[in-house]
Amino acid sequence: MEAAIPLGSVPREERPRAKEPYAALLGRLSRQSVVKHFDAYADVDWERAEHRIDPEDPHWELGDDALAATSWYRALPPGTRARLGLHLIATKMKIGAQFENVLQRGLLEFALGLPNGAPEFRYVYHEVIEEGQHSLMFQEFVTRTGFDVPGLGFWDRLGSRRVLGAARRFPALFFIFVLGGEDPIDHVQRTELTSGRPLHPLLERIMRIHVTEEARHLSFARHYLRAHVPRLSPAARTSLALQAPLILGPMAQLMMRPSAEIVGTYDIPKEVVAEAYTRNRRHRAKTVEALGKVRDLCREIGIVTRWSLPLWQRMGIWEN
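Numbering-wise, the sequence shown is residues 9 to 328 according to my numbering.
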């Protein structure tokens, strides 16, 4: 029997406490990880009848995605619309699992360089364990769809190697990467869960588990940056300011538009992709909205400067 997972607009562990010391916050997040955590197989009943994946189930049809508003998508047969939607979800799940893999390795690299007694050490290992469960959950879903999705492309995989090096040498940059991957996913999933649109029960279960634990991970990354960026040298802060939008822009697009593999598989015309995404003001606004929290954080910690602001605008992730 699966336990119900309530979804609050702002999880308790993500709510700020007035003048709470950084170390006290980490202790609280660690305790939350002990008392509120999930297992990919104990807490998801994969064999439940209503969790069965039928590629032509109408639940998989695109909801608020920009592609769903195009006449090209609406003209597809219902079964094809559902299959494309499931394929898109499977691709995002695969990218999510690959991102979690990079995140876990980066966190372990970060922890390896911590001194004895560092307050981050315990929480980082709690997070690695939780991300491992998320990877299992995402990959199990992908496997059950039957789609052989590749996930990240070659250049994205190559870029992840650089991120791993930053985890120890430049942790602040690594945690910008963390937020660049986690914030858009969290935004998209919370939007889906609160939309009122009927969701496939298995997808809903996975998303509820993910956003519940991800609240802690996001809270840690944000508070790490608040605590440590002010201590960086001017040169390091300048480097962080210039690199942040170059990381956040492409990462948001990974979750906000279809991969080249899906475009090719379903022969989505270039003009339809342009209509739905490239030239679509509403899609650009949704991308900007998905990065709202991390953008506000970057302003708060002083890494949106007159030199870096044009990069935010160029990447299409700055609010007008």
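The beta-carbon is built from N, C-alpha and C at its ideal position, and this holds for glycine as well.
For the candidate residues the options, whose alpha-carbon lies nearest to that of residue i?
i	options	result
A340	L75, F185, H142	This structure cannot speak to residue 340, because the chain is shown only from 9 to 328.
D73	A235, L94, D62	L94
L96	T153, L120, A260, R289	T153
F155	R213, P63, A243	P63
R292	D304, T220, M263, H59	M263
R303	I137, L256, L201, E108	L256
Y29	A243, Y232, N328	The residue asked about is misnamed: residue 29 is Pro in this sequence, not Tyr. With distances taken between Cα atoms, P29 lies closest to Y232.
L111	A90, G125, H134	H134
V186	V196, L207, R213, L226	L226
G167	R290, A119, M259	M259
K44	T199, R165, E222, L115	E222
K294	G324, I309, I61	G324
R289	T313, E327, W315, F182	E327
S285	L120, R234, P266	The amino acid at residue 285 is misidentified as Ser; the sequence shows Tyr. Considering only alpha carbons, the answer is P266.
I184	A57, S38, L299	L299
V296	L207, S241, V196	V196
R239	I214, L116, A180	A180
I214	E139, R314, G125, V157	E139
L207	V42, S41, A90, R82	A90
K301	T313, R230, L201, H218	R230
V132	E308, T220, H67, R224	R224
Helix, strand or coil for residue i per DSSP?
i	result
E148	helix
V157	coil
L262	helix
P242	helix
G173	helix
A252	helix
P85	coil
A98	helix
H142	helix
F46	coil
N124	coil
D164	helix
D72	coil
V281	helix
I325	coil
L187	helix
F178	coil
G300	helix
Can you give the Cα-Cα distance for residue i and residue j, rounded to whole angstroms?
i	j	result
V237	R322	24 angstroms
S247	G188	17 angstroms
D191	R216	15 angstroms
V150	F162	20 angstroms
R113	L172	7 angstroms
F228	P85	45 angstroms
T273	D194	27 angstroms
E69	F146	19 angstroms
R177	L34	22 angstroms
F46	R39	14 angstroms
C306	E55	43 angstroms
A1	Q261	What the structure shows of the chain is the stretch from 9 to 328, and residue 1 is not part of that stretch, so it cannot be assessed.
D164	L144	21 angstroms
A243	L37	32 angstroms
V42	L201	25 angstroms
N329	A32	With the chain covering only 9 through 328, there is no way to say anything about residue 329.
A83	P66	15 angstroms
T313	A48	42 angstroms
P158	R169	18 angstroms
E308	R287	31 angstroms
S203	A57	24 angstroms
So, at 8 angstroms on beta carbons, what are the nonlocal neighbours of residue i in its own chain, with the 5 sequence-adjacent residues on each side left out?
i	result
I270	L92, H95, L96, T99, I276
R245	V237, G310, I311
S316	A249, L250, A252, P253
L120	R176
Could you name the residues of the same chain whose beta carbon sits closer than 7 angstroms to that of residue i, not counting the 5 residues immediately before and after it, in chain order?
i	result
L160	I103, Q106
L319	L250, P253, L254
L122	E128, F129
H59	D53, P209, L210
F182	G114, F118, V171, A174, A175
A76	L70
V136	Q112, L115, L116
N109	S143
R198	V219
E283	T78
Go through its chain and collect everything with a Cβ distance to residue i's Cβ below 6 angstroms, but skip five positions before and after it.
i	result
V280	T78, W80
R205	G71
G87	E64
E212	none
K278	none
A235	Y30
A61	Contrary to the premise, residue 61 reads as Ile rather than Ala in this sequence. Around I61: R152, T153.
M101	F146, F149, V150
S241	none
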